[in-house]
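> Protein chains in written order, with the working numbering: chain C, 1 to 386; chain H, 387 to 772. Cβ atoms here follow ideal geometry from the backbone N, Cα and C, with glycine treated the same way. Here you go, one structure.
Number of protein chains: 2
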Amino acid sequence: MSHNAGLRAPAQPGDPVAAIDTPALVIDLDAMARNLAAMAAFASERGFRLRPHAKTHKSAAIAKLQMAAGAVGVCVQKLSEAEVLAEHGVPDIYISNEIVDEAKLARVAALAGRIRLAIAVDSRTGIDRLAAALKAAGTRADVFVEIDVGQGRCGTSPAAAGELALRVLSNGLHFAGLQAYHGGAQHLRSSAERQVAIEHAAALVRTALANLAEAGIQCPLVTGAGTGTFALEAASGVWGELQCGSYVFMDRDYADNHLAGSAPGMGQVAFEHALFVKSQVMSVGAAHAVVDAGHKSHAIDSGMPGVWQGGFEFRNGGDEHGILSPVTQADGRTAALPAIGDTVWLIPGHCDPTVNLHDRYIGVRGGLAHGVVESTWAVDARGCLT
Amino acid sequence: MSHNAGLRAPAQPGDPVAAIDTPALVIDLDAMARNLAAMAAFASERGFRLRPHAKTHKSAAIAKLQMAAGAVGVCVQKLSEAEVLAEHGVPDIYISNEIVDEAKLARVAALAGRIRLAIAVDSRTGIDRLAAALKAAGTRADVFVEIDVGQGRCGTSPAAAGELALRVLSNGLHFAGLQAYHGGAQHLRSSAERQVAIEHAAALVRTALANLAEAGIQCPLVTGAGTGTFALEAASGVWGELQCGSYVFMDRDYADNHLAGSAPGMGQVAFEHALFVKSQVMSVGAAHAVVDAGHKSHAIDSGMPGVWQGGFEFRNGGDEHGILSPVTQADGRTAALPAIGDTVWLIPGHCDPTVNLHDRYIGVRGGLAHGVVESTWAVDARGCLT
Chain C
1 MSHNAGLRAP AQPGDPVAAI DTPALVIDLD AMARNLAAMA AFASERGFRL RPHAKTHKSA
61 AIAKLQMAAG AVGVCVQKLS EAEVLAEHGV PDIYISNEIV DEAKLARVAA LAGRIRLAIA
121 VDSRTGIDRL AAALKAAGTR ADVFVEIDVG QGRCGTSPAA AGELALRVLS NGLHFAGLQA
181 YHGGAQHLRS SAERQVAIEH AAALVRTALA NLAEAGIQCP LVTGAGTGTF ALEAASGVWG
241 ELQCGSYVFM DRDYADNHLA GSAPGMGQVA FEHALFVKSQ VMSVGAAHAV VDAGHKSHAI
301 DSGMPGVWQG GFEFRNGGDE HGILSPVTQA DGRTAALPAI GDTVWLIPGH CDPTVNLHDR
361 YIGVRGGLAH GVVESTWAVD ARGCLT
Chain H
387 MSHNAGLRAP AQPGDPVAAI DTPALVIDLD AMARNLAAMA AFASERGFRL RPHAKTHKSA
447 AIAKLQMAAG AVGVCVQKLS EAEVLAEHGV PDIYISNEIV DEAKLARVAA LAGRIRLAIA
507 VDSRTGIDRL AAALKAAGTR ADVFVEIDVG QGRCGTSPAA AGELALRVLS NGLHFAGLQA
567 YHGGAQHLRS SAERQVAIEH AAALVRTALA NLAEAGIQCP LVTGAGTGTF ALEAASGVWG
627 ELQCGSYVFM DRDYADNHLA GSAPGMGQVA FEHALFVKSQ VMSVGAAHAV VDAGHKSHAI
687 DSGMPGVWQG GFEFRNGGDE HGILSPVTQA DGRTAALPAI GDTVWLIPGH CDPTVNLHDR
747 YIGVRGGLAH GVVESTWAVD ARGCLT
């Protein structure tokens, strides 16, 4: 649905990599397949439900690959993402976020009549409005109570979990469990820091579970975790469902984490970079080169993109430009500047908002150097903000 | 062309402001009209050509308003932006940027057969390839030689201007003048810093002009300048055309500049905030509130958005959330937290990449508080990266 008639696709199936117009969002399909398999194996071998976050890829095609590999469904953050993915055949979606607007809640209730739908709540107002909307539509949804486990964003305090779950139940809704995601912990660099953060989060979940038990309410499931910490949540014994999203692509920022995907007793899961922005050198100065990709092509909220070939630092050149400067290598050498027209592969600092800048994924089989374009998937939920 | 069939517009003409779905990109049409008139008056009263940068708004509707107010045409940074705006009836476009890819240059040459087109060059390779493409298509374009006037990005050194202009001419192309834009100067906070930067840029332009004169080449026009410095370029005596873009909307970052739009002998031109992201409070904690707009709704390359109502600091809450904390006012008071469902108007830190995140402008007449939706323009060239 995100195809813009005025925008030509940067490539067609069968094109060689060299023919992909720039800047373009390119998936190394072989690397992505290995990432999908590695996460699916981690979850299934250890008995966890896997519900990957589709806010990362916004693609029905990738959601279906994840479900084919064993995922129970996907998460999204926005109603409009859920609507678009549902329209493209994704049958089980969890909006892991609060919606409080009555017009939006009427759409939530309508969508709940078309697919299996879950949603998060963190306020009495939100619960009451959701209940009214579902009642008016005659539909049902799974309702998770979100608790704040350290992010300081949405979510109620663990001590209020029982009260809110009771309000869910007294409104005649289905209490599906706790939403407990610590976004801030994902990007802590050392494994020790991440371990401390998730131990703290787990303690808060246990407080919430105790609070629910005091209220006489059984908690069917605790859902959360991300690519930076999932092995820690898995090892904690409190989470039952993992929501990792970025593992499918891996961005520069996650790769900067030390020993991501590891936890005591959980082994080590490694993911590969599978998402790139193909750019082209458009200008060469005395000591720098300029590529045709700026922060309208890649998000910079988690820093500048990496340069896949190595040997260069990427500096911000504004909305439409990136500036490459050679860096001195360990052996004392410095790479020669590329020439006008040369290809430079960028590794996005943060995948999710980078994907949201593009209309299409160009899927390449056989590697970036000599591969061939296999697919040109739409980023179906690109721009789905509401 | 950027209408996504899967995305509903956040409002319809005639809707009250309260009915606009969130997050949404909202123009205060009255404020924008005053900005358009103020810049047009500045240019016409002082005899400058005005060619606003459409990279800011990516909208044929706004480009036409600018031309109706006296602009000679618009600038863009990307070929695909030019193609889409041309398709929507913009007749005179300058791609103020280098294009070196041969497949792209064939499209440039084709477009030059449909509208009046100009383009920048900064390399021998680029000039030769452009000439070959135009010759093959049998079309013509105005060619500007870009010189680096302090940004350290694209552009040749002023001392090479003559050589490149000669290559333009010897290839049978039309040398239209010099592209001289100092992007880095736009965001220097003090007027003294900006004055030093533009005096330096002007000196480099004069060097390039002398270099052209030595080569016996007349320079028809020097084009450049932005919203942060245009009065300084105008006062310098070397620029003949102004490319300001952000003045139409004004973002938080430009508003942070002291005495923008002023220069000795040029008076003072003031612009108003005309572009906003409408957001909604979705969660309220003990000392913060969370709105449903994160950096998928507004660009943060120039910092966080401002809060139009005042009294709150906006902190980054990730891709889909913003966190508001009350700040202590001058009178020692602190604003009360908003309630779930309340509207919060955000002033984007940087307009251009914020606009690129949205599919539609919701144009409001009569003010943000009690106005009515008048227009729902597509962001025509949204996502035009190539």
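Compute the distance between the beta-carbons of ALA161(C) and ALA208(C), then report whether it is under 8 Å.
Yes; because the gap between Cβ atoms is below 8 Å, this pair is in contact.
> From the beta carbon of PRO23(C), is the nearest beta carbon of chain H less than 8 Å away?
Residue-level contact by beta carbon holds for PRO23(C) and chain H, with a gap shorter than 8 Å.
> Report buried or exposed for SER466(H), applying the criterion of at least 16 other Cβ atoms within 10 angstroms of its Cβ.
buried
> Answer with yes or no whether the minimum CB distance from ASP15(C) to chain H is below 8 Å.
Not one chain H Cβ lies under 8 Å of ASP15(C).
> Quick check on the DSSP output: what are the complete alpha helix (DSSP H) runs of length 4 or more inside the stretch 202 to 266 of chain C, in order along the chain?
230 to 236 and 252 to 255
> Just grab the DSSP bridge partners of GLN309(C) for me.
For GLN309(C), which the question treats as bridged, DSSP gives no partner whatsoever.
> Return the first residue and the last residue of the beta strand (DSSP E) that SER283(C) is part of.
275 to 284
> Please report how far the alpha carbon of ARG114(C) lies from the alpha carbon of LEU65(C), in whole angstroms.
Taking the straight line from one Cα to the other gives about 21 Å.
> Quick check on ALA369(C): does DSSP put it in helix, strand or coil?
coil
> Compute the Euclidean distance between the alpha carbons of GLN572(H) and ASP28(C), then round it to the nearest angstrom.
39 Å
> Quick one: residues in its chain with C-beta nearer than 7 Å to the C-beta of GLY294(C), no 5 flanking neighbours on either side, listed in chain order?
GLY317, GLY318, ASP319, GLU320, HIS321 and GLY322
> Which residues share a DSSP beta bridge with GLY718(H)?
In the DSSP output, where bridge partners are listed per residue, GLY718(H) has none listed.
> If I follow the unbroken alpha helix (DSSP H) through VAL168(C), where does it start and stop?
161 to 170
> With distances taken between CB atoms, is the gap from THR56(C) to SER246(C) smaller than 8 Å?
yes
> If you count every other CB in all the chains shown that lies within 10 Å of the CB of LYS521(H), and 16 or more means buried, which is it?
By the neighbour-count rule (16 or more Cβ atoms within 10 Å), LYS521(H) is not buried but exposed.
> Checking 8 Å against the spacing of the C-beta atoms, do SER665(H) and ASP122(C) come in under that value?
no
> Compare the C-beta of ASN643(H) with all C-beta atoms of chain C and state if any pair is closer than 8 Å.
So, not an interface residue.
> For GLN565(H), which of helix, strand or coil comes out of DSSP?
strand
> Let me make sure I understand the geometry here. Which of GLY126(C), CYS351(C), THR328(C) and GLN309(C) has the alpha-carbon closest to that of ALA255(C)?
Across the set GLY126(C), CYS351(C), THR328(C) and GLN309(C), the C-alpha of CYS351(C) shows the shortest separation from the C-alpha of ALA255(C).
> So what does DSSP say about ILE93(C), is it helix, strand or coil?
ILE93(C) falls in the strand class under three-state DSSP.
> Going along the chain, which residues of the stretch 300 to 325 of chain C sit with their C-beta nearer than 8 Å to a C-beta in chain H?
Answer set for the stretch 300 to 325 of chain C: ILE300, ASP301, ASN316, GLY317, GLY318, ASP319, GLU320, HIS321 and ILE323.
> So GLY228(C) contacts chain H; which residues on that side make the cut at Cβ distance below 9 Å?
Per Cβ cutoff of 9 Å: no residues; GLY228(C) is ~13 Å from chain H at best.
> Please name the residue in THR125(C), ALA210(C), LEU169(C) and ASP92(C) whose C-alpha comes closest to that of GLY727(H).
THR125(C)
> Taking its Cβ as the centre, do 16 or more other Cβ atoms sit within 10 Å of SER302(C), making it buried, or is it exposed?
buried
> Apply the 10 Å Cβ neighbour rule to THR376(C) and answer buried if 16 or more other Cβ atoms are within range, or exposed otherwise.
buried
> For VAL74(C), which of ILE95(C), ALA381(C), ALA336(C) and VAL84(C) has the nearest alpha-carbon?
ILE95(C)
> Can you tell which of GLU233(C), ARG189(C) and ALA63(C) has its C-alpha closest to the C-alpha of LEU204(C)?
With distances taken between Cα atoms, LEU204(C) lies closest to GLU233(C).
> So does the stretch 29 to 49 of chain C actually touch the stretch 492 to 499 of chain H, counting three or more Cβ pairs closer than 8 Å?
no
> Could you tell me whether any Cβ in chain H is nearer than 8 Å to the Cβ of SER297(C)?
yes
> Which first and last residues belong to the alpha helix (DSSP H) in which VAL108(C) is found?
Unbroken alpha helix (DSSP H) run through VAL108(C): 102 to 111.
> Just to check my reading of the structure: LYS444(H) and ALA660(H) have Cβ atoms closer than 8 Å, yes? What is that Cβ distance to the nearest angstrom?
The pair is not a contact, with the Cβ atoms about 15 Å apart (cut-off 8 Å).
> Flag ASP128(C) as yes if its beta-carbon sits less than 8 Å from any beta-carbon of chain H, otherwise no.
no
> If we define contact as Cβ-Cβ less than 8 Å, is VAL26(C) a contact residue for chain H?
Interface with chain H (8 Å Cβ-Cβ cutoff): VAL26(C) is excluded.
> Hey, how far is the Cα of PHE530(H) from the Cα of GLU760(H)?
The straight-line gap from Cα to Cα measures roughly 39 Å.
> Under a three-way DSSP split, which group does PRO712(H) fall into?
strand
> Should ASN4(C) be flagged as near chain H, meaning a C-beta pair shorter than 8 Å?
Note that ASN4(C) scores a pLDDT of 47, beneath 50, so its modelled location is shaky; the value from the coordinates is reported in the next line. Chain H, which has a Cβ nearer than 8 Å to the Cβ of ASN4(C), makes this yes.
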